[in-house]
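The structure under discussion appears below in the form of structure tokens.
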Amino acid sequence: MTRRETEITDKTAIESILDTCKYLHLGASIDDMPYVVTLNYGYEWDKSDGHLVLYLHTAKKAHLLSIIDKNQNCAFSMECNVEPFFGPIPCRNGMVYESIMGSGKISVLGTTEEKAYGLRRIMKTQTGSDEGAFDERLVSIVGVMRVDVKEMKAKKRELPEALR
Numbered sequence: 000m001t002r003r004e005t006e007i008t009d010k011t012a013i014e015s016i017l018d019t020c021k022y023l024h025l026g027a028s029i030d031d032m033p034y035v036v037t038l039n040y041g042y043e044w045d046k047s048d049g050h051l052v053l054y055l056h057t058a059k060k061a062h063l064l065s066i067i068d069k070n071q072n073c074a075f076s077m078e079c080n081v082e083p084f085f086g087p088i089p090c091r092n093g094m095v096y097e098s099i100m101g102s103g104k105i106s107v108l109g110t111t112e113e114k115a116y117g118l119r120r121i122m123k124t125q126t127g128s129d130e131g132a133f134d135e136r137l138v139s140i141v142g143v144m145r146v147d148v149k150e151m152k153a154k155k156r157e158l159p160e161a162l163r
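Here numbering that gives the first Met the number 0 is used: the first residue of the sequence shown is 0, the next is one more, and so on.
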């Protein structure tokens, strides 16, 4: 990260971004061709070592799943509270925002229990509640993925003092 003044390292502030954003952009690659898709997500902090885990869902027969089958490396970005601002001259225009970007390993969950757990994490992030059950029929018709995040950076750019 080149602009340290925008970096966020506080876990509570990072969780605020994770709770506010509702989708992310997931990047994967096959045969040196990038592929990016926008997905809803859920998250948790891994109990064993504290790293961020993201849960994603997709169609059971999605192109993304064929890519993951060959290459489990992925990258992601998410942003929220994005608003343009305008300075006194065009080169002083910009955006306020909060964002997280990172990379990790993605895997496809296989068992009904794993998939239902991932779907509950997604519902918690999307709706604020993870109540309710996912029956086997519902779980069987979707693909659920887990991203074990290896690296991430969170940023926040505020409105410049001169424009407040």
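Ideal Cβ placement from N, Cα and C applies to all residues, glycine included. Keep in mind it's a predicted model, so treat the numbers as computed, not measured.
1. For LYS10, which three-state DSSP category applies?
2. Among SER102, GLY142, GLU97, ASN92, whose alpha-carbon lies nearest the alpha-carbon of LEU108?
3. State the DSSP-derived secondary structure class of SER128, mapped to helix, strand or coil.
4. May I ask you to report which of helix, strand or coil DSSP gives ASP18?
5. At what residues does the alpha helix (DSSP H) containing ILE136 begin and finish?
6. How is GLU157 classed by DSSP in three states: helix, strand or coil?
7. How many Å lie between LEU51 and PRO89 at the Cα?
8. Please give the ranges of any alpha helix (DSSP H) in the segment 44–100, keeping only runs that are unbroken, at least 4 residues long and fully inside the region.
9. Let me make sure I understand the geometry here. Which of SER65, ARG156, THR110, VAL146 has the alpha-carbon closest to that of ASN140?
10. May I ask which residues mark the beginning and end of the beta strand (DSSP E) holding LEU108?
11. Quick check on this structure: which residue in THR126, GLN125, ALA132, SER106 has the alpha carbon closest to the alpha carbon of TYR116?
12. Taking only three categories from DSSP, how would you classify ARG163?
13. Suppose you measure from the CA of CYS79 to the CA of GLN71; what does that come to, to the nearest Å?
14. Does the separation of the CB atoms of ARG120 and GLU43 fall below 7 Å?
15. Taking contact to mean 3 or more Cβ pairs, one atom from each stretch, closer than 8 Å, check whether the segment 122–132 and the segment 97–106 are in contact.
16. Here's the rule I'm using: 16 or more other beta-carbon atoms within 10 Å means buried, otherwise exposed. How should CYS138 be labelled?
17. What are the start and end residues of the beta strand (DSSP E) that includes THR37?
So, from the listed chains and residues:
1. helix
2. GLY142
3. Residue state, collapsed to three classes: coil.
4. Here ASP18 sits in helix by DSSP.
5. The identity of residue 136 in the sequence shown is Arg, whereas the question assumes Ile. Per DSSP, ARG136 belongs to the alpha helix (DSSP H) from 135–139.
6. coil
7. 38 Å
8. 62–69
9. At residue 140 the sequence reads Ile, which differs from the Asn that was named. Cα-wise, what sits closest to ILE140 is THR110.
10. No beta strand (DSSP E) contains LEU108, which DSSP labels as neither H nor E.
11. ALA132
12. The three-state reading of DSSP puts ARG163 in coil, since its state is none of H, G, I, E or B.
13. Distance between the alpha carbons of CYS79 and GLN71: 26 Å.
14. Yes, they are a contact pair.
15. no
16. Per the sequence shown, residue 138 should be read as Val rather than Cys. Buried, by the Cβ-count rule.
17. 32–38
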